[in-house]
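Down below is the structure, laid out as structure tokens.
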Amino acid sequence: MTPYLVPQEPAFEIALERYFLATDFISGIGYGIQGVLYFICSRYLWTQRKARPTNLFMLAYITLLFLLSGAVQVTQAHLTQLAFIENRNFPGGPWACYEASLSGTSSMVNQSASVALLFLSEVFMVWRCWVVWYSVSRRVAYAIMFFPTLLLIVSLTGGAIYFVATVHPALLIAGVGALRVKLRLYNWPHSVRYLSDVVNSSRL
Numbered sequence: 236m237t238p239y240l241v242p243q244e245p246a247f248e249i250a251l252e253r254y255f256l257a258t259d260f261i262s263g264i265g266y267g268i269q270g271v272l273y274f275i276c277s278r279y280l281w282t283q284r285k286a287r288p289t290n291l292f293m294l295a296y297i298t299l300l301f302l303l304s305g306a307v308q309v310t311q312a313h314l315t316q317l318a319f320i321e322n323r324n325f326p327g328g329p330w331a332c333y334e335a336s337l338s339g340t341s342s343m344v345n346q347s348a349s350v351a352l353l354f355l356s357e358v359f360m361v362w363r364c365w366v367v368w369y370s371v372s373r374r375v376a377y378a379i380m381f382f383p384t385l386l387l388i389v390s391l392t393g394g395a396i397y398f399v400a401t402v403h404p405a406l407l408i409a410g411v412g413a414l415r416v417k418l419r420l421y422n423w424p425h426s427v428r429y430l431s432d433v434v435n436s437s438r439l
């Protein structure tokens with residue numbers, strides 16, 4: 236089927252726009268699953284709030300994570316609406332519109348919430364690693380925690396650099412460069428999670 240209007244943008248940018256739109260739908264499914272898990276966990280922590288004082292802290296912590304994730308979803312949906320609906324005739328296509336809106340309010344909220352969400356999630360993973368290994372020995376726990384904590388610091392630094400580069404267009408590496416920077420900085424949180432899972436699995 237031949238489209239009514241053939242896009243004039245390069246094939247790479249068209250692919251970016253396809254993936255950009257597809258990830259919004261996929262992330263919405265993930266957020267729905269996260270919402271179900273949040274309500275199950277929050278209900279349990281609330282009913283057990285008197286058994287352990289830390290349960291209220293954990294309830295507040297996961298609530299903050301859920302709210303940050305919701306902020307990411309809402310702002311991302313708004314950015315998608317701006318790129319594909321309200322500014323559909325933007326010169327260069329939806330991806331160019333998205334890059335032009337990176338210094339806007341919705342994008343700044345999206346990026347700051349994303350960085351905060353990733354960092355708090357990583358802190359939770361590192362804390363879980365500490366709890367698992369502290370039962371063996373404090374000295375062993377300190378030794379095990381060194382590398383995950385180092386990755387956590389690097390991840391936070393990378394997230395801050397990405398946020399600054401995103402909200403300041405003069406510092407943003409456009410096109411392929413921006414995508415590569417984003418992928419590299421977002422690999423650090425996954426490194427922290429994978430390492431924590433491997434370390435915890437070896438203990439359990």
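Following the working numbering, the numbering of the sequence shown begins with 236 at its first residue and continues without gaps.
Positions of the beta carbon are idealized from the N, C-alpha and C atoms, including for glycine.
Within 7 angstroms, strictly: CB atoms of L445 and S336: Past the boundaries of the shown model lies residue 445; the chain is included only from 236 to 439, so the question cannot be answered.
Spatial distance of T298 from F359 (CA atoms): Locating residue 298 in the sequence shown gives position 63, counting from the first residue. Locating residue 359 in the sequence shown gives position 124, counting from the first residue. Each residue's alpha carbon lies about 13 angstroms from the other.
Supposed close pair L387, V350 - CB separation, criterion 8 angstroms: Here residue 387 refers to the residue found at position 152 when the sequence shown is read from its first residue. Here residue 350 refers to the residue found at position 115 when the sequence shown is read from its first residue. Contact doesn't hold; Cβ gap of about 13 angstroms is too wide.
Where T379 falls, given that 16 or more other Cβ within 10 Å makes a residue buried: Taking the sequence shown and counting its residues from 1, the one referred to as residue 379 is at position 144. Per the sequence shown, the amino acid found at residue 379 is Ile instead of Thr. Counting Cβ neighbours within 10 Å, I379 comes out buried, since at least 16 surround it.
Integer-rounded CB distance, given that A348 should sit under 8 angstroms from L303: By one-based count along the sequence shown, residue 303 stands at place 68. By one-based count along the sequence shown, residue 348 stands at place 113. Confirmed, about 5 angstroms.
Contacting residues, own chain, Cβ-Cβ under 7 angstroms from Y369 (five flanking each side not counted): What you label residue 369 is simply residue 134 of the sequence shown in a count that begins at 1. Cβ neighbours of Y369 beyond the five flanking positions: A376.
First through last residue of the alpha helix (DSSP H) which encompasses G305: Sequence index remark: in the sequence shown, residue 305 carries index 70 (1-based). Per DSSP, G305 belongs to the alpha helix (DSSP H) from 289-316.
Three-state secondary structure assigned by DSSP to L337: Your numbering for residue 337 matches position 102 in the sequence shown. Residue state, collapsed to three classes: coil.
The stretch 282-299 contacting the stretch 317-332, beta-carbon criterion three pairs below 8 angstroms: no
Short Cβ contact (7 angstroms threshold) for S277 with L294: As a working mapping, residue 277 is identified with position 42 in the sequence shown. As a working mapping, residue 294 is identified with position 59 in the sequence shown. Yes, they are a contact pair.
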